[in-house]
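Chains as they are written, first to last, in the numbering used here: chain Z, 1 to 335; chain G, 336 to 834. Structure first, then comments.
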């Protein structure tokens with residue numbers, strides 16, 4: 001009798017496993033399917049869509065949001081948020097403009113300063129959150145969002161800076177064959193982040209903190225340190241996104257990146273990350289970024305007005321999250 | 336024979352391929368305390384959720400006062416007169432007691448439609464008197480009350496509904512001794528008033544004290560319904576686990592060795608008297624006391640989870656510096672927290688990271704990258720050794736039953752190679768079979784030369800498993816009794832002295 005129940009138990013576990021795998025598959029690749037379907041539909045609707053030029057265009061247009069969203073993924077994985085990335089982007093490129101254009105220093109120094117300013121503001125976010133114990137990153141990053149934007153405007157008295165040296169413009173404007181350099185940078189950085197999040201201690205701790213902060217702390221994880229790293233990396237990505245932007249438009253202006261944080265959040269969420277932390281992947285985020293970029297591009301090709309585009313993207317965010325809610329409800333009910 | 340108030344026949348329920356209920360039958364008589372007993376995963380929670388309309392059943396019938404009924408929503412259950420008091424109380428701490436009692440069914444003035452506070456407060460006061468409480472509590476914010484009184488507010492909510500059946504899901508699991516006594520009295524009183532109660536509990540003494548009849552569930556079946564007074568707990572357990580348990584407490588004796596762990600002049604809060612404590616190898620030391628006696632606070636301070644006011648921690652004769660959990664873990668301390676869901680587990684992450692979390696560096700290779708296969712292997716090994724079910728490390732911790740979750744938490748600490756194990760209420764809310772496994776594990780730890788300290792509010796467990804009982808009371812130690820001299824009365828006396 002005992003043996004029979006044991007056997008039955010094992011069979012059940014097997015079935016459970018298979019179903020789980022099937023669900024995991026949908027969960028993991030659900031947004032990828034959506035992207036593919038979207039691309040197929042657009043291919044039929046417009047003969048300009050599926051061309052090398054247009055696809056590379058999409059790749060180039062998506063790079064800034066790709067970097068911001070990748071940075072944003074980290075705070076969201078810890079059940080936090082970073083509202084300041086758009087403003088950090090602006091202040092980083094303004095400082096870079098002053099260093100490399102106004103002061104005429106070496107472009108490499110300019111690039112370094114740009115990244116450092118970004119990382120520095122991220123560090124500030126992390127410190128405000130963990131050392132001053134502000135109750136939620138929504139508040140600390142809302143503060144730095146305004147501080148950074150204010151500084152970006154103050155630096156040149158709101159004037160834009162143009163005429164960056166070629167080396168700085170290179171990343172945002174050049175191509176390797178048909179592929180934009182900026183997109184290559186994105187893929188490399190995404191790969192590094194993928195390894196970081198899945199294979200490093202700190203990376204796994206980020207998920208653990210998002211899953212259960214107190215359990216993580218009581219397991220000996222230095223939660224403050226991890227959070228500071230998370231926000232610093234988010235700021236660093238904002239600085240890097242700024243570098244790409246300067247290459248693309250050949251100028252730095254203090255209102256650059258306004259509202260970009262919201263696109264980044266949208267991409268992360270469409271890409272399957274949970275706002276409650278602990279769930280989300282680098283590749284999901286990339287798919288989220290591409291869905292937004294393809295959608296924008298497609299709607300442009302179809303001559304849909306920018307205003308309507310905004311509304312469509314709003315609908316996509318809601319549908320994407322709703323599908324996720326449905327999926328989770330089902331998997332919870334079955335457990 | 337009286338007609339049953341509630342009669343449940345052949346209830347089936349599955350989720351996808353998971354058959355949770357496979358034919359449950361039982362009935363509840365008016366004015367009866369009917370106990371449901373079963374291991375974690377036997378289907379109790381699902382059954383309750385069907386009775387309260389949170390889930391719909393696949394097959395079966397429910398008769399209420401002789402009429403066949405279908406319960407689709409929690410509101411329909413309430414309208415029939417079924418109220419439920421969950422383990423996690425459904426109260427709003429910011430609102431006052433009377434506001435909580437009347438939440439969702441506020442009394443309004445007939446003319447203006449505004450709230451009739453006076454009438455609500457008066458009714459709340461009547462209810463509080465009926466429950467043996469001070470009527471003045473009606474206007475106190477609920478958050479200022481203890482857990483026991485908060486629970487009474489839930490009972491008051493049920494009484495306002497004129498519930499005929501109150502379902503209580505492990506109502507005493509979070510209460511202190513005195514609060515438990517108070518609840519028992521109220522249960523007796525409700526029974527006399529003719530209200531039926533479905534009482535879910537793992538505590539056998541309490542079932543004997545309160546229950547009229549007991550229905551035992553196993554693997555989704557109702558095995559049998561028995562009169563409590565004419566049967567013995569051993570019979571219930573046998574029916575529940577499908578085999579006989581040789582012993583409830585498989586205590587093993589080991590030779591007492593040297594002192595391995597001590598506290599010297601240890602103060603959690605500056606206002607408390609300093610604590611001195613020596614724990615020897617080969618013994619299990621039990622920390623007993625009422626809820627709020629400062630046991631968990633002491634453990635947290637030792638572990639560096641909270642700051643301490645002063646004092647030294649000594650392991651193997653050497654003082655160790657501990658100001659945060661990392662240092663505690665590095666010093667060889669493991670702390671199995673009381674609340675595994677909020678402090679122990681990453682519920683929405685799979686077992687491998689849960690098991691390896693406290694000692695991740697063990698899995699980092701020369702390149703500093705984690706060896707994911709090694710982590711999975713480790714998790715698989717513990718799943719096998721500790722018989723964690725289901726044996727699938729890809730599942731998230733949430734999908735395991737309480738007893739198996741507790742094993743996962745313990746596995747996490749075994750993975751750190753700790754030397755000192757502090758267990759805080761290690762068997763709370765887990766079934767008898769899993770309890771015995773936890774006890775066996777403690778034996779094994781002692782045998783392997785570890786220091787084991789167990790905080791527990793379950794006195795039989797302390798008396799059954801420990802070699803020495805330390806009693807705490809308002810932050811200090813009021814008794815240190817070798818097990819041979821420890822009796823229930825003595826421990827309770829030390830726990831309540833001066834209160």
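Cβ coordinates follow ideal geometry from the N, Cα and C atoms, glycine included. Predicted model, so just to flag it, every value in this text is computed and none were measured.
For residue i, three-class secondary structure by DSSP
i, result
"residue 525/G", "helix"
"residue 747/G", "helix"
"residue 334/Z", "A caution first: residue 334/Z carries a pLDDT of 48, below 50, which makes its placement in the model too unreliable to give a value."
"residue 621/G", "strand"
"residue 215/Z", "helix"
"residue 8/Z", "Residue confidence is low: residue 8/Z scores 36 on pLDDT, short of 50, so the model does not pin down where it sits. Its coordinate-derived value is still stated next. Correct three-state label for residue 8/Z: helix."
"residue 279/Z", "coil"
"residue 629/G", "coil"
"residue 740/G", "helix"
"residue 726/G", "coil"
"residue 828/G", "helix"
"residue 65/Z", "helix"
"residue 479/G", "helix"
"residue 569/G", "helix"
"residue 339/G", "coil"
"residue 351/G", "coil"
"residue 18/Z", "With a pLDDT of only 47 at residue 18/Z, under the threshold of 50, the placement of this residue in the model should not be trusted, and no figure is reported."
"residue 601/G", "strand"
"residue 654/G", "strand"
"residue 807/G", "strand"
"residue 607/G", "coil"
"residue 783/G", "coil"
"residue 767/G", "helix"
"residue 718/G", "helix"
"residue 659/G", "coil"
"residue 222/Z", "coil"
"residue 499/G", "coil"
"residue 193/Z", "helix"
Cross-chain neighbours of residue i in chain Z, by beta carbon under 8 Å
i, result
"residue 661/G", "220, 221, 222"
"residue 575/G", "Per Cβ cutoff of 8 Å: no residues; residue 575/G is ~14 Å from chain Z at best."
"residue 640/G", "217, 218"
"residue 670/G", "218"
"residue 688/G", "204, 207, 208"
"residue 681/G", "207, 208, 211, 212, 215, 216, 278"
"residue 747/G", "219"
"residue 664/G", "219, 220"
"residue 684/G", "207, 208, 211, 278"
Burial state of residue i, where buried means 16 or more other Cβ atoms lie within 10 Å
i, result
"residue 708/G", "exposed"
"residue 164/Z", "buried"
"residue 159/Z", "exposed"
"residue 337/G", "exposed"
"residue 121/Z", "buried"
"residue 118/Z", "buried"
"residue 783/G", "exposed"
"residue 8/Z", "Note that residue 8/Z scores 36 on pLDDT, short of 50, meaning its location in the model is unreliable; the coordinates nonetheless yield the value given after this. When all chains shown are included, residue 8/Z counts as exposed."
"residue 11/Z", "Since pLDDT at residue 11/Z reaches only 37, below the 50 mark, its modelled position is unreliable, and the value read off the structure follows with that caveat. That one is exposed."
"residue 774/G", "buried"
"residue 254/Z", "buried"
"residue 269/Z", "buried"
"residue 781/G", "buried"
Chain Z contact residues for residue i, given Cβ-Cβ distances below 9 Å
i, result
"residue 677/G", "212, 214, 215"
The ligand PLP heavy atom lying under 7 Å from the CB of residue i
i, result
"residue 86/Z", "The model depicted lacks the ligand PLP and carries no ligand whatsoever."
Chain-ordered neighbours of residue i on chain Z, where CB pairs are closer than 7 Å
i, result
"residue 754/G", "The premise fails here: residue 754/G is roughly 15 Å from chain Z at the closest Cβ pair, so nothing lies under 7 Å."
#### Entry: Interface positions of the region 196–215 of chain Z facing chain G (Cβ-Cβ less than 7 Å), listed along the chain
Correct list: 199, 200, 201, 204, 207, 208, 211, 212, 214, 215.
#### Entry: Contact set between the region 217–245 of chain Z and chain G, restricted to residues whose Cβ is under 7 Å from the partner
Closer than 7 Å at the C-beta level to chain G, one finds these residues of the region 217–245 of chain Z: 217, 218, 219, 220, 222.
### Task
Please list the residues of the region 276–297 of chain Z that have a C-beta atom closer than 7 Å to any C-beta atom in chain G, keeping them in chain order.
Answer set for the region 276–297 of chain Z: 278, 279.
### Message
Which runs of the alpha helix (DSSP H) at least 4 residues long sit entirely within the region 70–105 of chain Z? Give them in chain order.
### Response
Within the region 70–105 of chain Z, the complete alpha helix (DSSP H) segments of 4 residues or longer fall at 85–97, listed in chain order.
#### Entry: Within 7 Å of chain Z by C-beta, residues of the region 693–705 of chain G in sequence order
Within the region 693–705 of chain G, the qualifying residues are 693, 695, 696, 699, 703, 704, 705.
### Task
Ignoring anything shorter than 4 residues or poking outside the region 103–163 of chain Z, list the alpha helix (DSSP H) runs there in chain order.
Segments of the alpha helix (DSSP H) lying fully in the region 103–163 of chain Z: 107–130, 137–155.
#### Entry: In chain order, each beta strand (DSSP E) run of at least 3 residues that lies wholly inside the region 363–448 of chain G
Entirely contained in the region 363–448 of chain G, the beta strand (DSSP E) runs reaching 3 residues are, in chain order, 368–373, 394–399, 402–404, 417–420.
### Task
Using a Cβ-Cβ cut-off of less than 7 Å, list which residues of the region 622–654 of chain G approach chain Z; keep chain order.
Answer in chain order: 640.
### Message
Can you pull out the residues from the region 702–727 of chain G whose beta carbon lies closer than 8 Å to at least one beta carbon of chain Z?
### Response
So the close ones are 703, 704, 705, 707, 724, 725, 726, 727.
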